[in-house]
Amino acid sequence: METIRIRTRPPYRISVEPGLLQHSGEMLKTLFSSGTRITILVSETPGKHYLETLENNLKAAGFDCLAFSVPPGEKRKNLQTVSELYDALINAGMDRSDCILALGGGRVGDIAGFCAATLYRGIPFVQVPTTLLAQVDASVGGKTGVNHEKAKNLIGAFYQPRTVLIDPELLRTLDMRERVSGFAEVLKYGFIADAALLETCITRRDAILNAEDLLLLTDIICRSVRIKARIVEKDERESGLRMLLNFGHSIGHAIEKASGYALRHGEALLIGMDAALRLSIRFAGLAPESQARFSAFLNALPRPRTDLQLSPEILIDNLRYDKKNKNRQTRFVLLRAPGKTLIRDDIPQTAIREILETLL
Ligand SMILES: NC(=O)c1ccc[n+]([C@@H]2O[C@H](COP(=O)([O-])OP(=O)(O)OC[C@H]3O[C@@H](n4cnc5c(N)ncnc54)[C@H](O)[C@@H]3O)[C@@H](O)[C@H]2O)c1
Ligand SMILES: [Zn+2]
Numbered sequence: 055m056e057t058i059r060i061r062t063r064p065p066y067r068i069s070v071e072p073g074l075l076q077h078s079g080e081m082l083k084t085l086f087s088s089g090t091r092i093t094i095l096v097s098e099t100p101g102k103h104y105l106e107t108l109e110n111n112l113k114a115a116g117f118d119c120l121a122f123s124v125p126p127g128e129k130r131k132n133l134q135t136v137s138e139l140y141d142a143l144i145n146a147g148m149d150r151s152d153c154i155l156a157l158g159g160g161r162v163g164d165i166a167g168f169c170a171a172t173l174y175r176g177i178p179f180v181q182v183p184t185t186l187l188a189q190v191d192a193s194v195g196g197k198t199g200v201n202h203e204k205a206k207n208l209i210g211a212f213y214q215p216r217t218v219l220i221d222p223e224l225l226r227t228l229d230m231r232e233r234v235s236g237f238a239e240v241l242k243y244g245f246i247a248d249a250a251l252l253e254t255c256i257t258r259r260d261a262i263l264n265a266e267d268l269l270l271l272t273d274i275i276c277r278s279v280r281i282k283a284r285i286v287e288k289d290e291r292e293s294g295l296r297m298l299l300n301f302g303h304s305i306g307h308a309i310e311k312a313s314g315y316a317l318r319h320g321e322a323l324l325i326g327m328d329a330a331l332r333l334s335i336r337f338a339g340l341a342p343e344s345q346a347r348f349s350a351f352l353n354a355l356p357r358p359r360t361d362l363q364l365s366p367e368i369l370i371d372n373l374r375y376d377k378k379n380k381n382r383q384t385r386f387v388l389l390r391a392p393g394k395t396l397i398r399d400d401i402p403q404t405a406i407r408e409i410l411e412t413l414l
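In terms of the working numbering, the sequence shown has 368 at position 314, counting the first letter as 1, and numbering is strictly consecutive.
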């Protein structure tokens, strides 16, 4: 089993192994005493596939188990849902020594983590992420929260879990769009910090996306988690270094929003990274042959070719509201070469517009 220590305050471990779901009870016994009540918050599809196995396993290890479902849809990731969950948890007699466990993708992880951070001013929290995106990104770093009508993730808290159990085998039931969406984040880690990971992604693309080779999946998940962990440890509260994780995200977010969220986050990120690579030739000295090769790879990944009707004006307007802006200038994370980044906030609007025009 691979174990990654996360040196945040408080520190914790992320464990990665195919089949780990079947050992979740044993794993949690090292952290919680027998008889602890573990309340599982779960969404529909992961619940259908994995809840029974998880519950049986936890009960066999001596835990008292309870499960509540989180309603489907990103629209329900809001304070109303949190409030309903507080009611359910309080009515079930939850106390401060009990634990909340999130079984699901990033959405369930964010909601469950926020409930855990706030109920009784904080109760123990465990994550069992079930999407590639949640395994390599959302479950690492301690960000929890919900959306506000005005924008995504406006309400939240930094709250570290007691542990994260990652079972790559769970990705076998995930549909291709979700796999590609998570894969985009893995590619991002390759671009910003690990040229060898990027090459593995390029040469083993199909084996990764088909979730055939669980050892390969374990390897790319661990490498991704380590990169995010090392960045988050140095910048727990998002004051600087975490900015690197935003590679491809400024334009990616603008596209995701302009599509009315018809594109998954990672699908929009593929386009955003393509744009960042193109800007990198002129503003970071990236070799044009590298850009051409990487952009071709990003564009060949399966994603819906819908008529998105995106105009550069709408995207530029969306860029103005990027949370990472400084003095109203969009900050771009660019690449000098794979694994070597450069942050620039002085890119002229005309250059951004030109790139957007070539993309759309
Ligand atoms: N906290 C963070 O640092 C962070 C980082 C990135 C994203 N996020 C948040 O994560 C959310 C996106 O996460 P996501 O991409 O995991 O999406 P998601 O949680 O919405 O899950 C995507 C879909 O996959 C289904 N699913 C989940 N696991 C499955 C499995 N094993 N088999 C079959 N189907 C499965 C779900 O039911 C859902 O329909 C957003 O709300 C985003 O804001 C948070
Ligand atoms: Zn992202």
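All residues carry an ideal CB built from backbone N, CA and C; glycine is no exception. What you are looking at is a predicted structure, and each value in this text was computed from that prediction instead of being measured.
- Distance from the CA atom of Phe86 to the CA atom of Leu364, rounded to whole angstroms, is 51 Å.
- Bridge partners of His202 according to DSSP: Ala205.
- In this structure, Leu323 sits near Lys242, with a CB-CB distance shorter than 8 Å.
- Cys276 places its beta carbon less than 8 Å from that of Glu56.
- DSSP places Pro183 within a strand segment (E or B) once states are collapsed to three.
- In this structure, DSSP gives Phe351 a helical state, which the three-state scheme calls helix.
- Under the DSSP definition of a beta bridge, Arg91 partners with Asp118.
- When the Cα atoms are used, Met327 and Leu95 turn out to be separated by approximately 33 Å.
- Within a 10 Å sphere around the beta-carbon of Lys311 sit 16 or more other beta-carbons, which makes this residue buried.
- At a cut-off of 4 residues, the continuous stretches assigned as alpha helix (DSSP H) that sit fully inside the region 194-271 are 230-247, 249-257 and 259-263.
- Residue environment for Gln214: buried (at least 16 other C-beta atoms within 10 angstroms of its C-beta).
- Asp399 has its CB no nearer than 7 Å to any heavy atom of ligand 1.
- As the crow flies, the alpha-carbon of Asp273 is around 28 Å from that of Ile154.
- Ala308: not part of any beta strand (DSSP E); member of the alpha helix (DSSP H) spanning His303 to Ala312, first to last residue.
- For Asp371, the distance from the CB to the nearest heavy atom of ligand 1 is not below 7 Å.
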